[in-house]
Structures are given as C-alpha cells and as structure tokens.
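Residue numbers (full-length UniProt numbering): 1 to 197.
Printed below as a string of structure tokens:
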C-alpha cells in the first residue's frame with residue numbers, strides 16, 4: 001500500500017488485499033498445481049477472484065503482477081474456456097483502478113487469445129513483445145519464461161533465428177531450466193546445425 005494514497009484509497013486496497021488472501025487460501029486448499037487447476041472450474045473461479053482483487057490491491061504495481069500471471073498461464077498452457085475470462089479480469093481490474101495501461105494490457109491479452117484460437121499466429125507477437133518488455137522488472141527466471149514463451153511462438157512460425165535468440169537469452173537468465181536446452185536443440189536441428197543440436 002502506498003503512503004501517498006488518500007485514506008479511502010488505502011482502505012480499498014486493504015479490502016482488496018484481504019479478499020485476495022481469502023480467495024488464494026480457498027484456491028490453495030484445493031491442492032491443485034497451476035496446470036491441473038487451469039482445467040478445474042472451481043479452481044479457475046477462485047483464481048480469477050484472487051487475480052482481480054490482487055491486482056486492485058497492487059495499485060501502481062498491478063501491471064507487473066498482471067504480466068507475471070500472464071506468463072504463468074502462457075507457460076503451462078490454458079484451456080480456451082479460461083482465456084477470455086482471464087483477459088477480462090485484468091481489463092476490469094484496470095478499470096477499477098483507473099489504470100489505462102492495465103486496461104490496455106487486458107485488451108492485448110484478449111486479442112492474443114482470439115488470434116491464437118483463430119491460428120493467426122502473426123497477430124500474437126504484440127503481447128509476447130510486451131511481456132518480454134515488462135518482464136525486465138521481474139526476477140531473472142521470470143524473464144527467462146518470457147523469452148521461452150516468445151521463442152516457442154517464433155519456432156511455430158519457423159522464424160528460427162529469432163527463436164534461437166530467445167532460447168539463448170532464456171538459458172543465460174535461467175540455466176537450471178532443462179526444457180530450454182531441449183527447445184534450443186529443436187531450433188538448431190531446424191536450422192540444420194545438427195552438431196549444435
């Protein structure tokens with residue numbers, strides 16, 4: 001909570017923080033991993049409530065929280081039924097906070113999911129580029145995740161040099177993540193660099 005906010009705003013942030021904690025506790029009591037939870041309707045509902053109130057409690061840091069949560073969803077993959085409510089929750093929190101950047105990010109997420117479902121893969125780059133940009137304020141392993149997610153997108157588009165650059169950066173940022181080496185090997189193989197693969 002920011003000291004410069006008026007008392008009413010501080011009280012709202014406190015309320016949102018308490019609600020976020022309550023929804024997180026209910027969600028966590030289901031004992032589901034993120035991957036499993038994304039396919040469970042009750043977990044999804046609790047997670048979206050946690051996300052909304054968590055973003056509202058963050059105030060000026062909400063955009064970075066939204067980016068971090070979006071990285072989680074894109075890293076493990078989410079069902080189609082979850083994608084639009086997820087994007088809408090971010091956009092709605094931005095409206096509640098009066099934060100045009102957060103509203104725009106939620107709108108960007110919605111466009112990303114729509115393009116993905118329609119297999120217009122060229123149209124999904126704006127969100128991935130924004131995530132890489134926002135991840136610079138996050139820990140190194142989260143930055144690595146942003147580069148991995150974008151690298152997989154480039155790999156799907158057969159834009160191999162760009163994919164390779166993202167996987168190389170991801171490995172530098174998080175050398176303990178084994179799947180990054182596998183993905184880099186896939187790109188090297190596609191480029192015909194069989195020894196490097």
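Each residue gets a CB set at the ideal place from its N, CA and C atoms; glycine is no exception. Remember, predicted model here, so these are calculated numbers, not experimental data.
Quick one: what's got a C-beta closer than 7 Å to residue i's C-beta in the same chain, skipping five residues either side?
{"i": "residue 187", "result": "155, 160, 163, 164, 167"}
{"i": "residue 70", "result": "109, 131"}
{"i": "residue 3", "result": "Low confidence applies to residue 3: its pLDDT is 48, below 50, so where it sits in the model is not reliable, and the reading given next is rough at best. Closer than 7 Å at the Cβ level, and outside the excluded window around residue 3, lies no residue."}
{"i": "residue 8", "result": "none"}
Along the chain, where does the alpha helix (DSSP H) containing residue i start, and where does it finish?
{"i": "residue 60", "result": "First-last for residue 60: undefined, no H or E at that position."}
{"i": "residue 79", "result": "Counting along the chain, residue 79 falls outside any alpha helix (DSSP H), and DSSP gives it neither H nor E."}
{"i": "residue 24", "result": "7-28"}
{"i": "residue 117", "result": "100-117"}
{"i": "residue 192", "result": "Premise fails: residue 192 is in no alpha helix (DSSP H) and is neither H nor E."}
{"i": "residue 34", "result": "34-37"}
Tell me which same chain residues have a C-beta within less than 8 Å of the C-beta of residue i, skipping the five on either side of it?
{"i": "residue 45", "result": "none"}
{"i": "residue 152", "result": "163, 183"}
{"i": "residue 26", "result": "46"}
{"i": "residue 142", "result": "68, 71, 135"}
Report all residues from its chain with a CB closer than 6 Å to the CB of residue i; omit the five preceding and five following residues, and keep chain order.
{"i": "residue 1", "result": "Bear in mind that the predicted position of residue 1 carries a pLDDT of just 44, short of 50, making it too unreliable to give a figure here."}
Going along the chain, which unbroken runs of the alpha helix (DSSP H) with 4 or more residues stay wholly within the stretch 121-183? 125-135, 140-156, 160-173
Stretch pair the stretch 86-104 + the stretch 134-142: three plus CB contacts closer than 8 Å: no
Measuring CB atoms only, is the stretch 88-96 touching the stretch 112-123, in the sense that at least three cross pairs come out at less than 8 Å? no
Check whether the stretch 67-85 touches the stretch 118-126, taking contact to mean three or more Cβ pairs, one atom from each stretch, closer than 8 Å. no
Taking 8 Å as the threshold, find out whether the stretch 3-19 comes into contact with the stretch 53-66 through three or more Cβ pairs. yes
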